[in-house]
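J.:
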Amino acid sequence: MILQNKMCAERKAKLNAIKNHPYFGFVVITFLMLIVQLLRVSGLDIPVVLLRAFGFTMIYIIIALGFSILLGYGGLASLGTAGFVGVGTYVVGYLTNQFEMSIFLIVLITIVGAVVIGTIVGFISLRIEGMYLAIITLGLSEILKEVFKNATTITNGTNGLSLGTIVIFKQAIELNHNAIFIVIALIMLFIMIITLNLMKSPTGRALLAMRNSQSAAQAMGVSIFKYRLLAFITSTVYALLGGVLYMTYIGFSIPSTWSLGFSLNILAAVIVGGSQSIYGIVLGTFMIFGLNLAVLQQIPLFVENPAISVVFNGFLIIAVIMFYPGGLIRLINSMNYKIKTNYQLWKKKRRAYIYGDDPE
Amino acid sequence: MATILSSVKVWYLSKRLISHETKRNFNKNFLPIKKTELIENFNKKIELLELKKKNELLPNEISAGIQSDFLKREFETAIQELEEKYYWKNRALVQTLKRKNIQSDEELKKLVEEKQVLLDEIKNKYYPEEINKDQKEEFVAKCVAIEESYAKKAEELTLKHNAKLEEIEAKTNHAIEMRDAKISEIKKQLAALDVKVDKGILAEGELLKLEDLSMHFGGLKAVDKLSFTVKEGEIFGLIGPNGAGKTTVFNCITRFYKPTSGKMHFKNKINNTVDLNELVVHNIIREGITRTFQNVEMIWELNILENLLVAAHTEYRSGFFGHLFNSRLLRHEEVVIKSKAYKILTDLDLLQYAYQYPMGLPYGILKKIELARTLMVNPKLIILDEPAAGLNDVETDALAKTIHKIREEYNTTIFLVEHDMGLVMEICDTVCAISFGKKLAIGTPKEIQNSKVVREAYLGGE
Numbered sequence: 001m002i003l004q005n006k007m008c009a010e011r012k013a014k015l016n017a018i019k020n021h022p023y024f025g026f027v028v029i030t031f032l033m034l035i036v037q038l039l040r041v042s043g044l045d046i047p048v049v050l051l052r053a054f055g056f057t058m059i060y061i062i063i064a065l066g067f068s069i070l071l072g073y074g075g076l077a078s079l080g081t082a083g084f085v086g087v088g089t090y091v092v093g094y095l096t097n098q099f100e101m102s103i104f105l106i107v108l109i110t111i112v113g114a115v116v117i118g119t120i121v122g123f124i125s126l127r128i129e130g131m132y133l134a135i136i137t138l139g140l141s142e143i144l145k146e147v148f149k150n151a152t153t154i155t156n157g158t159n160g161l162s163l164g165t166i167v168i169f170k171q172a173i174e175l176n177h178n179a180i181f182i183v184i185a186l187i188m189l190f191i192m193i194i195t196l197n198l199m200k201s202p203t204g205r206a207l208l209a210m211r212n213s214q215s216a217a218q219a220m221g222v223s224i225f226k227y228r229l230l231a232f233i234t235s236t237v238y239a240l241l242g243g244v245l246y247m248t249y250i251g252f253s254i255p256s257t258w259s260l261g262f263s264l265n266i267l268a269a270v271i272v273g274g275s276q277s278i279y280g281i282v283l284g285t286f287m288i289f290g291l292n293l294a295v296l297q298q299i300p301l302f303v304e305n306p307a308i309s310v311v312f313n314g315f316l317i318i319a320v321i322m323f324y325p326g327g328l329i330r331l332i333n334s335m336n337y338k339i340k341t342n343y344q345l346w347k348k349k350r351r352a353y354i355y356g357d358d359p360e
Numbered sequence: 361m362a363t364i365l366s367s368v369k370v371w372y373l374s375k376r377l378i379s380h381e382t383k384r385n386f387n388k389n390f391l392p393i394k395k396t397e398l399i400e401n402f403n404k405k406i407e408l409l410e411l412k413k414k415n416e417l418l419p420n421e422i423s424a425g426i427q428s429d430f431l432k433r434e435f436e437t438a439i440q441e442l443e444e445k446y447y448w449k450n451r452a453l454v455q456t457l458k459r460k461n462i463q464s465d466e467e468l469k470k471l472v473e474e475k476q477v478l479l480d481e482i483k484n485k486y487y488p489e490e491i492n493k494d495q496k497e498e499f500v501a502k503c504v505a506i507e508e509s510y511a512k513k514a515e516e517l518t519l520k521h522n523a524k525l526e527e528i529e530a531k532t533n534h535a536i537e538m539r540d541a542k543i544s545e546i547k548k549q550l551a552a553l554d555v556k557v558d559k560g561i562l563a564e565g566e567l568l569k570l571e572d573l574s575m576h577f578g579g580l581k582a583v584d585k586l587s588f589t590v591k592e593g594e595i596f597g598l599i600g601p602n603g604a605g606k607t608t609v610f611n612c613i614t615r616f617y618k619p620t621s622g623k624m625h626f627k628n629k630i631n632n633t634v635d636l637n638e639l640v641v642h643n644i645i646r647e648g649i650t651r652t653f654q655n656v657e658m659i660w661e662l663n664i665l666e667n668l669l670v671a672a673h674t675e676y677r678s679g680f681f682g683h684l685f686n687s688r689l690l691r692h693e694e695v696v697i698k699s700k701a702y703k704i705l706t707d708l709d710l711l712q713y714a715y716q717y718p719m720g721l722p723y724g725i726l727k728k729i730e731l732a733r734t735l736m737v738n739p740k741l742i743i744l745d746e747p748a749a750g751l752n753d754v755e756t757d758a759l760a761k762t763i764h765k766i767r768e769e770y771n772t773t774i775f776l777v778e779h780d781m782g783l784v785m786e787i788c789d790t791v792c793a794i795s796f797g798k799k800l801a802i803g804t805p806k807e808i809q810n811s812k813v814v815r816e817a818y819l820g821g822e
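If you read the protein sequences in the order shown, they are chains A and B.
Just so you know, this note's numbering puts 186 at position 186 of the first sequence, and the rest follows in order with no gaps.
Just so you know, this note's numbering puts 663 at position 303 of the second sequence, and the rest follows in order with no gaps.
1. Tell me whether B/Thr790 is buried or exposed, calling it buried when 16 or more other Cβ atoms sit within 10 Å of its Cβ.
2. Do we get a CB-CB distance below 9 Å when we pair A/Arg362 with the residues of chain B?
3. Do A/Phe362 and A/Thr119 have their C-beta atoms within less than 9 Å of each other?
4. I'd like the list of long-range same chain contacts for A/Glu174, defined as Cβ closer than 6 Å, with 5 residues on each side in sequence excluded.
5. Just the C-alpha distance for B/Pro419 and B/Glu507, rounded to the nearest angstrom, thanks.
6. Which full runs of the alpha helix (DSSP H) of 4+ residues lie inside the segment 434-504 of chain B, going along the chain?
7. Buried or exposed: where does A/Pro202 fall if 16 or more other Cβ atoms within 10 Å of its Cβ makes it buried?
8. When you compare each of B/Lys591, B/Glu545, B/His673 to B/Arg646 by their alpha carbons, which one comes out closest?
9. Under the rule that 16 or more other beta-carbon atoms within 10 Å means buried, what is B/His330, buried or exposed?
10. Which residues, taken in chain order from the segment 183-202 of chain A, show a beta carbon closer than 7 Å to some beta carbon of chain B?
11. Around the C-beta of B/Lys627, are 16 or more other C-beta atoms found within 10 angstroms, so that it is buried, or is it exposed?
12. Please classify B/Ala563: is it buried, with 16 or more other beta-carbons within 10 angstroms of its beta-carbon, or exposed?
13. List the residues of chain D whose Cβ lies closer than 7 Å to the Cβ of A/Val222, in chain order.
14. If you measure from the beta carbon of A/Ile354 to each beta carbon in chain B, is any gap under 9 Å?
15. Which residue's Cα is closest to the Cα of A/Ile111: A/Arg52, A/Leu241, A/Leu161?
16. Is it buried or exposed, B/Cys612, if we count other Cβ atoms within 10 angstroms and call 16 or more buried?
17. Which residues, in chain order, does the segment 438-454 of chain B contribute to contact with chain A at a C-beta distance below 8 Å?
18. Just curious, the beta strand (DSSP E) that B/Cys792 is in, first and last residue?
19. Does the CB of B/Glu898 have a neighbour CB from chain A at under 9 Å?
20. With distance defined between alpha-carbon atoms, name the residue in B/Leu580, B/Val504, B/Glu657 nearest to B/Thr620.
21. Should the segment 141-150 of chain A be called in touch with the segment 9-23 of chain A, which here means at least 3 C-beta pairs below 8 Å?
22. Determine the chain B residues that contact A/Ala209 at a beta-carbon separation under 7 Å, and present them in chain order.
23. Going by C-alpha to C-alpha distance, which of A/Ala307, A/Thr81, A/Ile281 sits closest to A/Asn292?
24. Are A/Asn363 and A/Leu163 closer than 9 Å when you measure CB to CB?
25. In three-state DSSP terms, what is A/Phe148?
26. Terminal residues of the continuous alpha helix (DSSP H) containing A/Thr341?
27. Helix, strand or coil: how does DSSP classify B/Ser574 here?
28. Name, please, each residue of chain A whose Cβ falls closer than 7 Å to the Cβ of B/Phe796.
29. Across the segment 661-679 of chain B and the segment 191-209 of chain A, are there enough close Cβ pairs to call them in contact, namely three or more that are closer than 8 Å?
30. With contact counted as at least three CB pairs below 8 Å, one residue from each stretch, are the segment 268-277 of chain A and the segment 68-76 of chain A in contact?
31. Give me, in chain order, the residues of the same chain whose beta-carbon lies closer than 6 Å to that of A/Leu296; leave out the 5 immediate sequence neighbours on both sides.
32. Against chain A, which members of the segment 676-695 of chain B pass a CB distance test of less than 7 Å?
33. Could you pull out every unbroken beta strand (DSSP E) segment of at least 3 residues lying fully inside the segment 3-35 of chain A, listed in chain order?
34. Output, in sequence order along the chain, the residues in the segment 9-23 of chain A whose CB is closer than 8 Å to any CB in chain B.
35. So is B/Glu666 in contact with chain A if we call contact Cβ pairs under 9 Å?
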């Protein structure tokens with residue numbers, strides 16, 4: 001009997017090890033995102049709006065994670081995200097439509113392009129800091145937007161570019177939305193894991209050191225040049241990857257999407273969620289991008305007056321920023337702490353109630 | 361041309377030497393940690409095996425009716441558990457009765473009866489009825505077979521474990537030997553070249569030499585033709601009134617400022633003289649110079665242990681992609697560097713703060729953590745910028761002790777700027793006094809105390 005208890009404890013410890021594994025939460029998040037899609041695949045009638053809400057949220061989570069490395073870890077503010085995401089969408093659109101390239105090759109080309117763009121912006125950032133850097137990147141983004149509008153042979157101008165059939169290994173395949181949704185979820189999981197590794201690694205710590213005090217970081221052997229470049233390149237790669245996923249999922253890209261509003265939304269998602277926590281960013285992104293489509297659009301009041309949903313969202317953001325400057329994750333953490341302590345108190349009281357006070 | 365070529369060669373060879381040395385040290389530190397980890401894993405496996413064996417043996421043993429000590433113990437513990445369970449049940453019942461103000465013996469009696477039934481069950485389980493002799497022998501044979509099989513398994517496990525241990529030991533030792541061979545080879549090559557390049561800049565026992573160092577900010581001469589030498593293993597103090605240019609000297613040595621003119625030479629980790637003017641600010645630490653700051657510069661988002669790990673940034677060999685995918689090399693490195701950090705924290709009595717965040721810790725502790733941070737890379741020279749600023753008398757005394765301890769245990773040289781004259785006179789071997797960027801006097805603390813020039817600088821002339 002006792003032996004069996006011991007074996008049971010062994011099994012429990014194994015279960016706990018899985019539960020406490022750092023990647024467990026990400027798997028749970030991915031599964032939660034997939035639930036709606038899986039229900040639809042199984043035959044339930046789920047509105048497309050709800051599906052799109054989760055699809056968009058996942059793509060934007062990837063972009064926001066890149067941004068958090070830049071802002072939360074590198075301490076560098078950038079407003080050029082929209083432009084970079086736009087570049088990603090047009091690269092995949094143009095290469096697929098014109099040359100019928102394999103999607104894997106296109107992703108590779110995008111990553112190389114992202115490294116080049118990231119290096120250029122990183123070089124700019126070496127001399128400029130803070131607000132000025134944000135303005136410069138904003139300018140870059142606006143330039144890109146104008147290019148999207150006017151380079152009609154590639155981007156089809158203001159009419160928008162729509163994606164043809166995607167090519168996988170030399171033959172064109174019409175992918176349905178369900179498959180792409182699942183692929184996006186898996187890529188999101190992969191990106192989350194990679195980002196966590198990066199944040200907990202010496203690189204992440206060096207970035208934090210740089211953000212806190214440049215002179216101290218340099219004295220500890222952190223090259224400011226190298227790590228600024230690294231932060232920009234990583235975030236640009238994430239942004240362009242997000243663009244590629246966006247194009248494959250929606251199949252349509254128009255220059256007016258890639259304006260300042262998009263960059264600001266990403267910034268808001270990172271700030272609202274908590275700029276250094278992956279869970280926080282997931283929450284923040286869902287709040288900014290997913291909440292309206294997934295939750296509010298199911299309530300008749302907001303469906304009848306779409307303007308109210310925007311106002312409601314705005315007030316929600318203001319409330320979070322006012323009362324929890326550390327982001328939503330801070331709110332969750334403090335709530336978690338309160339619940340835990342209260343539960344323990346309750347347990348103590350309950351024990352005293354059932355068994356009486358200790359005789360000793 | 362030849363000199364340039366040889367200097368380039370020296371530079372290249374010294375770079376390689378440093379990298380080889382860090383690799384060797386990593387392997388040396390890694391071996392004992394890996395060994396203990398393996399042994400722990402092995403012990404866990406053996407424990408699990410024992411547990412499984414007992415679990416399999418138990419029914420047979422009971423059936424065979426072997427009244428071993430083991431069975432008795434099992435029985436006793438089972439009874440004990442039951443007793444405890446019924447103690448709590450009893451207490452809960454009494455409490456409810458008390459709360460309702462009822463006194464009823466019936467329920468208590470019921471509880472006792474229930475307990476008795478369970479007791480009988482346990483007794484039956486551990487003392488089963490007699491079975492016939494043939495069956496008994498069969499069960500005994502089964503028991504023996506099970507034990508033998510498990511013994512075989514354990515033996516296999518130990519063999520495997522030993523082989524693994526030996527393999528790892530041999531592998532690491534081989535790696536260390538390889539590194540040693542390469543290091544000695546490079547040292548030979550360097551020795552052949554050194555004579556031409558390193559002529560007479562630094563004498564034996566000298567660590568740092570400044571010659572005519574000047575630093576001008578526009579018209580202001582913050583440091584003016586300052587020259588002194590720091591000997592190996594001493595505690596060197598730089599003093600002077602406010603605005604004398606002490607911190608500027610520090611910033612010149614650590615390359616935060618580029619001096620207007622002057623030479624700075626330093627004997628680095630591999631006893632090779634380097635010109636500090638040729639280095640970039642973030643490469644200073646690789647040569648063996650670490651520094652603290654006047655105001656504590658912490659990384660507030662990381663806990664104290666991770667703060668120390670950041671200071672060991674140059675010790676990591678794994679690259680960006682290794683970090684992305686949490687490679688095996690990175691995990692090994694983290695283990696080694698973390699153990700080093702723990703050692704330093706225990707040495708400086710900071711272990712209790714290891715998992716705390718620096719926000720809210722007292723200033724004295726933060727200063728100590730900065731000191732601990734400098735030790736992470738086995739430095740040759742530690743530069744302390746006003747270590748006692750903002751500390752009270754008790755903390756200053758403790759700091760003096762810590763500085764002495766560091767010098768002796770980590771074989772380093774310490775170079776400090778301080779306003780607290782008591783501390784400087786107590787701990788320094790050599791003191792240099794400067795005023796308005798110019799050297800006033802250099803010597804032992806007593807000589808400086810008696811120097812007329814220094815007194816004038818501090819208290820004003822007549």
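In this text, a Cβ means the ideal position worked out from N, Cα and C, and glycines have one as well.
T.: On the basis of the coordinates in this document:
1. Classification of B/Thr790: buried, given that the 10 Å Cβ count is 16 or more.
2. Given a span of 1 to 360 for chain A in the structure shown, any question on residue 362 of chain A remains unanswerable.
3. Outside the shown range of chain A, which is 1 to 360, sits residue 362 of chain A, and nothing can be said about it.
4. The beta carbon of A/Glu174 lies closer than 6 Å to those of Thr165 in the same chain, with the five residues before and after it left out.
5. Each residue's alpha carbon lies about 13 Å from the other.
6. Correct list: 465-486.
7. With 16 or more Cβ atoms within 10 Å of its Cβ, A/Pro202 is classed as buried.
8. The residue with the shortest Cα to Cα distance from B/Arg646 is B/His673.
9. With chain B running from 361 to 822 in the structure shown, residue 330 of chain B is simply not present.
10. So the list reads Ile194, Asn197, Leu198, Ser201, Pro202, given in the order they occur along the chain.
11. With 16 or more Cβ atoms within 10 Å of its Cβ, B/Lys627 is classed as buried.
12. Note on B/Ala563: under 16 other CB atoms within 10 angstroms of its CB, so exposed under the neighbour-count rule.
13. This model lacks chain D altogether; the protein chains it does include are A and B.
14. With 9 Å as the cut-off, A/Ile354 counts as an interface residue toward chain B.
15. The candidate whose alpha carbon is nearest that of A/Ile111 is A/Leu241.
16. B/Cys612 comes out buried.
17. For the segment 438-454 of chain B, which is checked against every Cβ of chain A, the residues closer than 8 Å are Ala438, Glu441, Trp448, Arg451, Ala452, Val454.
18. From DSSP, the beta strand (DSSP E) with B/Cys792 extends over 790-795.
19. One cannot answer for residue 898 of chain B here, as it falls past the ends of chain B, which runs 361 to 822.
20. Nearest option by C-alpha distance: B/Leu580.
21. The segment 141-150 of chain A makes no contact with the segment 9-23 of chain A: fewer than 3 CB pairs, one atom from each, lie closer than 8 Å.
22. Contacts between A/Ala209 and chain B, judged by CB atoms closer than 7 Å, involve Ile659, Val670 in chain order.
23. Checked all of A/Ala307, A/Thr81, A/Ile281; the closest Cα to A/Asn292 is A/Ala307.
24. One cannot answer for residue 363 of chain A here, as it falls past the ends of chain A, which runs 1 to 360.
25. A/Phe148 falls in the helix class under three-state DSSP.
26. Note, A/Thr341: alpha helix (DSSP H), 328-355.
27. In this structure, B/Ser574 counts as strand in the three-state DSSP scheme.
28. Within chain A, not a single residue places a beta-carbon under 7 Å from that of B/Phe796; the smallest gap is close to 25 Å.
29. By the Cβ test, the segment 661-679 of chain B is in contact with the segment 191-209 of chain A, since at least three Cβ pairs between them sit closer than 8 Å.
30. They touch, by the three-pair rule.
31. So the qualifying residues of the chain are Phe302, Ser309.
32. Within the segment 676-695 of chain B, the residues whose Cβ lies closer than 7 Å to some Cβ of chain A are Tyr676, Phe680, His683, Leu684, Phe685, Asn686, Leu690, listed in chain order.
33. Segments of the beta strand (DSSP E) lying fully in the segment 3-35 of chain A: there are none.
34. Contacts with chain B (Cβ-Cβ distance below 8 Å) from the segment 9-23 of chain A involve Glu10, listed in chain order.
35. With its beta carbon less than 9 Å from one in chain A, B/Glu666 belongs to the interface.
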